[in-house]
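Numbering (our numbering), first residue to last: 812 to 1006.
All residues carry an ideal CB built from backbone N, CA and C; glycine is no exception.
Fair warning: this is a prediction, and the values are worked out from it, not measured in the lab.
Heads up, the thing below is written out as structure tokens.
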């Protein structure tokens, strides 16, 4: 991956940097109109968000460090790529392809498994339909064509659709009840998806 292809997450009014193969990219401070979700943990200087569209997707790859899924790379039908969360090209990370367009048909659902540990919600895994039933879950629907927003910090993750982002709503829609949370992205067929 070339540095020009990196899309760093948006910092919350601070300088930050992205390190890729020993290269450092400074990101200027930005004043963002976002309030932090109440369930995100960590220093305000270390809380970031990234967002991506869930339409015209050709492929999805995940990046994991240990048991935590740290990011997703979405490849669109026009060849553009977007990173959600944090992406690591070097070891000890593991990259896994979870979706590639086959026969021009889009996937129906993505399932995000998050676990609640030590006061923080952590993203563990994303899988395609059908839903695994080996854990307790809370289900959230995110529609095809909406934008997914991934708030992340060192200790925690919060995944939302743009329509339920905290800069638009005073109410929290994130539940920390139970051991795990599943976010389901409902994807409907679209004739704009190509091979």
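Exercise. Can you tell me the Cα-Cα spacing of residue 958 and residue 939, whole angstroms?
Worked result: 18 Å
Exercise. Applying the criterion that 16 or more other CB atoms from any shown protein chain within 10 Å of the CB defines a buried residue, is residue 924 buried or exposed?
Worked result: buried
For this session: Identify which residue in 934, 973, 909, 886 has its Cα closest to the Cα of residue 867.
Result: 886
Exercise. Taking residue 876 as the reference, which of 857, 892, 906 has the closest Cα?
Worked result: 906
For this session: Let me know if residue 917 comes out buried or exposed under the rule of 16 or more other beta-carbons within 10 Å of its beta-carbon.
Result: buried
Exercise. Would residue 965 be called buried (16 or more neighbouring beta carbons within 10 Å of its own) or exposed?
Worked result: exposed
Exercise. Which residue from 879, 878, 869, 901 puts its Cα closest to that of residue 893?
Worked result: 869
Exercise. If you draw a straight line from the alpha carbon of residue 852 to that of residue 913, how long is it in whole angstroms?
Worked result: Straight-line Cα distance between these residues: approximately 38 Å.
Problem set entry | Supposed close pair residue 899, residue 874 - CB separation, criterion 8 Å | 6 Å
For this session: Label residue 968 either buried or exposed according to how many other C-beta atoms from any shown protein chain fall within 10 Å of its C-beta, with 16 as the threshold for buried.
Result: buried
Exercise. Does residue 878 get closer than 8 Å to chain C when you measure Cβ to Cβ?
Worked result: The question asks about chain C, but that chain is absent: this structure has only one protein chain.
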